[in-house]
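Worksheet for the structure shown next.
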Amino acid sequence: MYEALCPFCQRFITNHLGNLYNQFRGNVEIEMIPWGNSRLLRTGQISCNHGQKECDANRLMSCVIDVVKVKQAIPFIICLERALTSSSVEQAMHHCTGFIRNNYHEIK
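Sequential numbering from 225 applies to the sequence shown in the working numbering.
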């Protein structure tokens with residue numbers, strides 16, 4: 225479980241997850257669960273700990289994980305987490321589309 229805009233989660237994902245996955249992928253099964261410290265408001269909206277951008281990023285990563293295989297999802301998530309530090313969710317998704325090539329329109 226991780227939060228899209230949590231600085232500690234971003235640091236682990238961008239600095240360590242890719243190397244660990246590449247080194248041990250034949251021996252481990254990784255399940256990524258985008259989750260945030262969120263609340264369901266009386267209005268029916270969801271409020272995320274790090275704002276609407278985090279809600280949108282968590283939703284996007286959940287869709288990616290649901291549609292593509294882990295070997296595509298992990299590089300996409302790493303790329304997205306890097307891009308989110310200086311981009312909107314939409315811009316970050318466009319930047320990282322190479323990892324989800326044929327599934328881009330289904331995910332979007």
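Heads up, the beta-carbon is just placed ideally off N, CA and C, and yes, glycines get one too. The model shown is predicted, which means the values in this text are computed figures rather than measured ones.
- In the structure shown, Arg263 adopts extended strand secondary structure according to DSSP, grouped into three states.
- The C-beta distance from Cys287 to Ile331 rounds to 5 angstroms, short enough to fall under 8 angstroms.
- According to the DSSP assignment, Cys320 belongs to no beta strand (DSSP E), since it is labelled neither H nor E.
- Per the coordinates, the alpha-carbon of His274 lies some 34 angstroms from the alpha-carbon of Gly250.
- Its chain contains Ala307 as the residues whose beta carbon lies nearer than 6 angstroms to that of His319, once the 5 sequence neighbours on both sides are disregarded; these appear in chain order.
- Sixteen is the threshold: when 16 or more other Cβ atoms of the shown chains lie within 10 Å of the Cβ of Ile298, as they do, the residue is buried.
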